[in-house]
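Participant: So that we are looking at the same thing, I have put the structure below in C-alpha cells.
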Amino acid sequence: MNNNSQRRACLIGLGLITEHYLTGLSKSEFLRVCAVSDLNENAAGRKHYSTLPFYSDYKVMLSEQDPDYVIISTPPQTHYQIASYCLSNNINIIIEKPVTLCMEDFNALQVLAKNNNLVFRTLFHWHGGIETRAFTQDYNASQIKEIKVNVFDPYCTDGIIKPDRRPLMGAWIDSGVNILSMIRLWLPFDSLEVISVCSDRCKETGLPVFVNAKLIIDKIPVEITIDWCKGINQKESYITLGEKTLYINHSAQTIQTDQGSVDYSRIPRLDEHYNYLFTNMDQNSNADFSHSVHKALFEVDNKL
Numbered sequence: 507m508n509n510n511s512q513r514r515a516c517l518i519g520l521g522l523i524t525e526h527y528l529t530g531l532s533k534s535e536f537l538r539v540c541a542v543s544d545l546n547e548n549a550a551g552r553k554h555y556s557t558l559p560f561y562s563d564y565k566v567m568l569s570e571q572d573p574d575y576v577i578i579s580t581p582p583q584t585h586y587q588i589a590s591y592c593l594s595n596n597i598n599i600i601i602e603k604p605v606t607l608c609m610e611d612f613n614a615l616q617v618l619a620k621n622n623n624l625v626f627r628t629l630f631h632w633h634g635g636i637e638t639r640a641f642t643q644d645y646n647a648s649q650i651k652e653i654k655v656n657v658f659d660p661y662c663t664d665g666i667i668k669p670d671r672r673p674l675m676g677a678w679i680d681s682g683v684n685i686l687s688m689i690r691l692w693l694p695f696d697s698l699e700v701i702s703v704c705s706d707r708c709k710e711t712g713l714p715v716f717v718n719a720k721l722i723i724d725k726i727p728v729e730i731t732i733d734w735c736k737g738i739n740q741k742e743s744y745i746t747l748g749e750k751t752l753y754i755n756h757s758a759q760t761i762q763t764d765q766g767s768v769d770y771s772r773i774p775r776l777d778e779h780y781n782y783l784f785t786n787m788d789q790n791s792n793a794d795f796s797h798s799v800h801k802a803l804f805e806v807d808n809k810l
C-alpha cells in the first residue's frame, strides 16, 4: 500500500524478527518503509527488503532519506544510543522492546521525546496476539484473582546461551518485558511487590537462562517462569477469574475454557503480532504505558 498520507520510515536493524514485520508493513496505511540499515551487510532480514536502499551506516541513511519515523530493531544494548540520536534529530521513533537496559536511560529518552514533541512508541508484540486480544475483549479483567505465565524458549544448551541469542540479554530482559506488557493490559500497575526471585545463569555470559518471579501486582498474585533450557518453544498463561481458571496457549493462539478450546489462529503467531501492531499504528505515543512496564521490569531485574 502506498498513499500520500503515509509517513516515511527507515528501518534500523535487519535481524530475524524483521521478517515478521512484512505482512503488517505491507498493509499499513500509516507507514511506508523507504530504506533499511544494518551494520552487517549479510543480515538475516536483508533479503526481505531487497528492493529498498540499504545502508551500513544508519546516520548516513537518516541524513539522505530524511524520514518521519525510524523503526529501531537492533539489539537492546544499542537502543539508547540510536534512539537518542534520532530524537535529537527530530525523528519520531518506533522501538522494539525492551527500549533500554536501565530505567535512567528510558527516562532520558522519554524526556527527550516530550521536549521535542516527538512520537515515542514501543513495539510490544505480545499486544498483537489474537488470543490475548480475545481475552482482553471477552473477559472482565477486574475479576482476575491470579495470573501465572510460563515462557519456554530453546535458547540454551547445556547451561550455555546459544551465541546468536546472547544479544537478547538473558531470559528476564527478553521475555519478562513481553509478559509484563501483556499483564499491563489488564492491571494498572499502581503497586508492585517482589515476593521472591530465583534464577540460573549461563555458564559463560552470566546472563539468566531461568527465572521464576513471584510478584504481587495491584494486590493480584502473579507468578512468572521463564526457562531457556528445556529445548522447547511454548508460551502459556493461566488466568484465574473468580473460581475458574482459563488456560491461554499463546503458541497455539487458543483459549481453553470449561466449554472447550477456542482456536483463534489465522496466520503464524509472530506474523499475527506485527500485522496487528503495524496495521493499527497511528501517531500516538505509548510512552507512559511503556514507562510502567519498564519500571516493573527493572524492579525485578534488580533483584536477580
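Under the working numbering, the first residue of the sequence shown is numbered 507, with each subsequent residue one higher.
We put the CB at the ideal spot given by N, CA and C, even for glycine.
Note that the structure is a prediction, hence the values are computed from the model and not measured.
#1: Do you know whose CA, among Val-806, His-800, Glu-805, lies nearest Leu-615's CA?
#2: Leu-537: buried (16+ other C-beta within 10 angstroms of its C-beta) or exposed?
#3: Counting only runs that start and end within the region 650-712, where is the beta strand (DSSP E) found for 3 or more residues in a row?
#4: From Gln-643 to Lys-736, what does the alpha carbon distance come to, in whole angstroms?
#5: When the Cα of Trp-692 is compared with those of Asp-706, Cys-708, Ala-640, which residue comes out closest?
#6: Taking the alpha-carbon of Leu-593 as reference, which of Glu-570, Pro-581, Val-617 has the nearest alpha-carbon?
#7: Please state if the CB of Gly-530 and the CB of Thr-731 are separated by a distance shorter than 9 Å.
#8: Given a threshold of 16 other Cβ atoms within 10 Å of its Cβ, counted over all protein chains shown, does Gln-759 qualify as buried or as exposed?
#9: Rounded to the nearest angstrom, what separates Ser-796 and Thr-663 at their Cα positions?
#10: Quick check: the Cα distance between Tyr-770 and Asp-680, rounded to an integer number of angstroms?
#11: With a 10 Å radius around its C-beta and 16 neighbouring C-beta atoms as the bar for buried, classify Arg-772 as buried or exposed.
#12: Are Leu-803 and Trp-678 closer than 9 Å when you measure CB to CB?
#13: Looking at Ala-541 and Tyr-561, is the spacing between their C-beta atoms short of 9 Å?
#14: Do Met-787 and Ile-600 have their C-beta atoms within less than 9 Å of each other?
#15: Per DSSP, which one or two residues make a beta bridge with Phe-630?
#16: Helix, strand or coil: how does DSSP classify Ser-796 here?
#17: Unbroken alpha helix (DSSP H) runs of length 4 or more, entirely within the region 542-624: which are they?
#18: Is the region 747-759 touching the region 707-718, taking contact as three or more C-beta pairs under 8 Å?
#19: Use the C-beta contact count for Met-507: other C-beta atoms within 10 angstroms, 16 or more gives buried, fewer gives exposed.
#20: Can you say whether Cys-704 is buried or exposed, counting buried as having 16 or more other CB atoms within 10 angstroms of its CB?
#21: Can you tell me the Cα-Cα spacing of Ile-685 and Ile-667, whole angstroms?
#22: Measure the alpha-carbon distance for Pro-694 versus Ile-723 and round it to whole angstroms.
Facilitator: Taking the structure as given:
#1: His-800
#2: buried
#3: 650-658, 698-707
#4: 33 Å
#5: Ala-640
#6: Val-617
#7: no
#8: buried
#9: 32 Å
#10: 25 Å
#11: exposed
#12: yes
#13: yes
#14: yes
#15: In the DSSP output, where bridge partners are listed per residue, Phe-630 has none listed.
#16: helix
#17: 564-571, 585-594, 609-621
#18: no
#19: Only weak support exists for where Met-507 lies, its pLDDT of 49 falling under 50; the coordinates are left without a value.
#20: exposed
#21: 21 Å
#22: 9 Å
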